[in-house]
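Okay, so the sequence shown: first residue is 0 according to numbering that gives the first Met the number 0, each after it adds one. Just so it is clear, CB atoms sit at the ideal spot from N, CA and C, and this is done for glycine as well. Worksheet: one structure, shown below.
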Amino acid sequence: MLKAHFLKVLGLSIALSSTAAHAMSLDWSGGYRAEWTEVDKPSLTSPTERKAYGLNYLYLTPKIIAADGVNIISRVDIFNSSIYPGSQLGTIWGMNTSDNQTTSGNQGPASVTASQLYLNVNQEFGSLMVGRVPFDFGMGMMYSAGKGQFDHWYNTRDMAAYKIIVGDWFLMPMMGRIVANDFGQGNNQTFWGAQLQYENIEAKSVIGVYVEQKKGARTTLNYTADQLAAYTGGGTGTVGGDMSINTTSFILGRAWDSFGYKIEGAFQSGETGIKNGSENVALDGYGLAAEFYFPARESKWDWSFKTGMATGDTAATNFSGFAFNKNYDVAMLMFNHRLGGADFFNTNAVKPTYIPTGQASNVLDNGNSADDESVGNAFYLAPSVNYTINERFSLRNTVVYAQLMNTLQNSVDAKKDLGLEWDIELVYKPIERVQWVNQLGLLFPGEAWKNGTGAGGNKGNDFTFGFVSKAAISF
């Protein structure tokens, strides 16, 4: 009997030792974020549709080191948004999921989701990634993995990719599926891409290009009514064919002790799969963004400058609009929150339409949406100056001027001037991984927000302001 127990204990010890030998360690990283946002008059008229909301969010990134160079990486999002699934926005303060919200003694449960899971195998001259992988490129104008402390959005791909590294160069071909409605082969959306990039850390230079082709079967194209209207210039579009979209992006950057710059561009073309009557709606848009930096060096002052543009739609049979990634912020209010009485930036083609409850009456609009707007159909200039008060405090002022690239279709006597925004930002960093940011945005809208004088015109362009207080901890 004693011998039998000894053998069981010995066997269990060997099994545990074997498991420990193969699973070398488990590393954790993550971040916590809390925010409060107010926008006084997003409608730019009456009623104001005022917004005031708080956000609460935590993410954890466990990494299992299975063997030397073999990692299994995941990401868990805690208190994630039920209104914007597939984001890292966070849960609204006061969101109550209890059966009886009025008399309940607690807020009810919030969601815990997994947004990433992939295998990463590192070798001497390359790296393999398989699974749901985060993806970004350049400054994040087109693709952003959402690595910033206050980023609310991210790009991931179900893909297989291999990164071949030769000196300061790397080539990364990849392929994967974006949509798969079932186990069949044809009922899906697929993509292939390749990234070629040169990075020299010592010279502070980067040159890169990324090409991608995305194809989708007609049965997978679940455009909303608002998206169909956006792609057809207000028409009644229908899904009438397969999708095939080509995207080419580039990044160019260099930095010195006293000056640095980065320039990114993206160009899209192809077929959307949408028909406006008997005509196929083709895609033909592009965007450009440039950033210039003048570091402080020995001074307490440093300067930066952003400029860029995104094409707008001009015809019902050829959608030439382009939208930046929602993480790429130019201003606190403009190109960040929905404003005004129309889709001036042609971004309804990519914005979410409904709160996902299955009820069409729960429409997202200026007054009940988060910061889900992006740069589109516009040209902007945004100089910024930062003053370092001391080791912990800094004060940044940014002035943004913007114009529409194209007025809305069927508008009469419409103007292109979007106006001026002044953003004031106070940053407190008590330690390296902790920061508290307070922002005040003042928007002086231009005549473009009125949309002319004809049908659909005479809209509001009243002054508005916004305030954000947000804190983040990374670990």
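For residue i, which of helix, strand or coil comes out of DSSP?
i, result
"D519", "Given a span of 0 to 474 for the chain in the structure shown, any question on residue 519 remains unanswerable."
"A447", "helix"
"N347", "helix"
"R217", "helix"
"M94", "coil"
"T434", "According to the sequence provided, residue 434 is Gln. The question's Thr does not apply to it. It is a strand residue."
"F466", "strand"
"F124", "coil"
"K162", "strand"
"V411", "coil"
"E372", "coil"
"V8", "Caution applies to V8, whose pLDDT of 40 falls short of 50 and renders its modelled position unreliable; the model cannot decide the point."
"S86", "coil"
"Q476", "Limits of the chain in this structure are 0 at one end and 474 at the other, which puts residue 476 out of reach."
"G234", "coil"
"A20", "In this prediction, A20 scores a pLDDT of 43, lower than 50, which makes its location untrustworthy; no coordinate-derived value is stated."
What residues match up with residue i in a beta bridge as DSSP calls it?
i, result
"V111", "I77"
"K397", "A quick correction: the sequence has Thr, not Lys, at residue 397. S383 and D422."
"R337", "Paired residues: none, contrary to the question."
"Y142", "In the DSSP output, where bridge partners are listed per residue, Y142 has none listed."
Cβ of residue i versus every heavy atom of the ligand ATP: is any distance shorter than 7 Å?
i, result
"Y400", "With respect to the ligand ATP, the structure offers nothing, as it holds no ligand at all."
Hey, out of the options, whose CA is closest to residue i's CA?
i, options, result
"A377", "W300, M404 and G339", "M404"
"Q184", "T219, A341, G29 and K203", "T219"
"G107", "V129, F78 and T452", "F78"
"G286", "F249, N70 and M174", "F249"
"N245", "L282, V238 and F258", "L282"
"S110", "G104, G139, N99 and V75", "V75"
"R217", "E270, Q87 and L59", "E270"
"W92", "G104, N99 and N55", "N55"
"F293", "Y83, A254, G234 and L442", "A254"
"Y209", "A265, V362, L118 and D67", "A265"
"A229", "A309, T310 and N345", "N345"
"E278", "A314, E263 and A288", "A314"
Is the Cβ-Cβ distance between residue i and residue j less than 8 Å?
i, j, result
"N317", "D328", "no"
"F149", "A471", "yes"
"A348", "Q226", "yes"
"N121", "D167", "no"
"Q194", "V178", "no"
"Y386", "W302", "no"
"V38", "L332", "yes"
"S373", "K325", "yes"
"M171", "K214", "no"
"S86", "W35", "no"
"D371", "P351", "yes"
Quick one: give me the first and last residue of the alpha helix (DSSP H) that residue i is part of.
i, result
"D225", "A224 to Y230"
Return the first residue and the last residue of the beta strand (DSSP E) that residue i is part of.
i, result
"L57", "K50 to A66"
"A176", "In the sequence under discussion, the amino acid at residue 176 is Arg, which differs from the Ala named in the question. Note, R176: beta strand (DSSP E), W168 to A179."
"F136", "Counting along the chain, F136 falls outside any beta strand (DSSP E), and DSSP gives it neither H nor E."
"G311", "Element bounds for G311: n/a, residue is neither H nor E."
"L287", "E278 to F293"
"G269", "G259 to N275"
"N376", "Where N376 is concerned, there is no enclosing beta strand (DSSP E), given that its DSSP letter is neither H nor E."
"I250", "M242 to A254"
"E390", "Where E390 is concerned, there is no enclosing beta strand (DSSP E), given that its DSSP letter is neither H nor E."
"N199", "N187 to N199"
"G29", "S24 to V38"
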